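To keep things clear, I will list the structure first and then write my remarks on it.
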Amino acid sequence: MKTEIRPTKDGSVTLYVPELDEHYHSINGALQESMHVFIRAGLEYVWHNQLEATVLEIGFGTGLNALLTLEQTLLNAQKVFYHTLEKYPLLPTLIDQMHFEQFIFNKQLLHFLPTLHTTPWNEPVTITPAFTLLKSETDLRTYLLPPDYYSVIYFDAFAPEKQPELWTDAIFEKLYTALQPNGCLVSYCAKGSFKRSLKAAGFIIEALPGPAGKREMTRAFK
Ligand SMILES: C[S@@+](CC[C@H](N)C(=O)[O-])C[C@H]1O[C@@H](n2cnc3c(N)ncnc32)[C@H](O)[C@@H]1O
Numbered sequence: 302m303k304t305e306i307r308p309t310k311d312g313s314v315t316l317y318v319p320e321l322d323e324h325y326h327s328i329n330g331a332l333q334e335s336m337h338v339f340i341r342a343g344l345e346y347v348w349h350n351q352l353e354a355t356v357l358e359i360g361f362g363t364g365l366n367a368l369l370t371l372e373q374t375l376l377n378a379q380k381v382f383y384h385t386l387e388k389y390p391l392l393p394t395l396i397d398q399m400h401f402e403q404f405i406f407n408k409q410l411l412h413f414l415p416t417l418h419t420t421p422w423n424e425p426v427t428i429t430p431a432f433t434l435l436k437s438e439t440d441l442r443t444y445l446l447p448p449d450y451y452s453v454i455y456f457d458a459f460a461p462e463k464q465p466e467l468w469t470d471a472i473f474e475k476l477y478t479a480l481q482p483n484g485c486l487v488s489y490c491a492k493g494s495f496k497r498s499l500k501a502a503g504f505i506i507e508a509l510p511g512p513a514g515k516r517e518m519t520r521a522f523k
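All residue numbers for the sequence shown refer to this note's numbering, where the first residue is 302 and numbers rise by one.
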């Protein structure tokens, strides 16, 4: 897919996909959205109960969520196994052009960004003793996920209007099965049809205040 680099309101950047008329992150702040939805509402929540989180991310994209998750393992004595699915991997040269150093100021962390993008696909790689990365180049719709495995799912697909095939009852049943009991799925989306699909799959839903520019986001429990 062709992409263009675009600024967002918190000083971070995202990618725009003209073909879908869609951005990879919120234009109200990419960094702010990732921190609010995935790190604070997802990772930090599951870390209350366990020292090691198994994360499943839908859509590796720019690696921003992965990088911010890695940052948390550098700040806390806790571990993450990070499994991310991506159908359309981006070129590391495009990531260089996004200049993460203009909005992420932790030099130790930035050093890992190229590594996240250049490590091989489809095999687990130990990035640090506390962070293992498995990038699967695949389509969520056909990929077989292990049952009762993940403690948190970052559901970061393109919006339901842009990619309805990833927001179906069947997809959320599959993700429900892959979650550990008491595990949770977090998403920036708060649409009624999304919540109905989650409910139909068996999830218990919680509406939380959304990131900048959005009234609500969703956290759903198994
Ligand atoms: C909203 S972006 C994700 C942003 C990403 N989490 C980040 O931090 O940059 C959605 C991602 O889902 C990927 N994607 C689209 N269709 C997919 C599919 N069927 N299976 C897996 N990934 C898919 C896209 O290529 C894109 O990288």
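By construction, the Cβ of each residue, glycine as well, lies at the ideal position given by its N, Cα and C atoms.
It should be emphasised that the depicted structure is a prediction, and the values quoted were computed from it without experimental measurement.
Rounded to whole angstroms, the Cβ separation of Y451 and L375 is 22 Å, and the two are not in contact under 8 Å.
Between the C-alpha atoms of L417 and L391 there is a straight-line separation of about 12 Å. Distances from the CA of D397 to each of V314, T478 and L344 were compared; the closest alpha carbon is that of V314. Contact between A354 and L344 holds, with the beta-carbon distance rounding to 6 Å and staying under 8 Å.
Taking 8 Å as the cut-off, the beta carbon of N377 is found no closer than this to the beta carbon of F339. According to DSSP, K380 shares a beta bridge with E353.
Contact between the region 509 to 517 and the region 311 to 329 is present: three or more C-beta pairs spanning the two stretches fall below 8 Å.
Residue environment for A521: buried (at least 16 other C-beta atoms within 10 angstroms of its C-beta). When only Cα atoms are considered, E424 and S437 end up about 8 Å apart. Using a Cβ distance threshold of 8 Å, L414 and F401 count as a contacting pair. Listed in chain order, the alpha helix (DSSP H) elements of length 4 or more contained wholly in the region 307 to 361 are 331 to 334 and 345 to 348.
F504 is positioned such that its CB atom lies closer than 8 Å to that of K523. Looking at the DSSP output, M518 sits in a beta bridge with L509.
I506 and E305 have their C-alpha atoms spaced approximately 35 Å apart. Proximity to D457 across A491, P448 and L445 peaks at A491, based on C-alpha coordinates.
At a threshold of 7 Å, K388 counts as near ligand 1, since its beta carbon sits closer than that to one of the ligand's heavy atoms.
Per DSSP, the beta-bridge partners of S437 are L386. In terms of CA proximity to L486, A508 leads the group G362, Q333 and A508.
Relative to ligand 1, I454 has its C-beta separated by 7 Å or more from all heavy atoms.
Assignment of G484 by DSSP, reduced to helix, strand and coil, places it in the strand class. Judged by DSSP secondary structure, Y477 falls outside any beta strand (DSSP E) and instead within the alpha helix (DSSP H) spanning D470 to A479. One Cα belongs to P465, the other to F459, and the distance between them is close to 9 Å.
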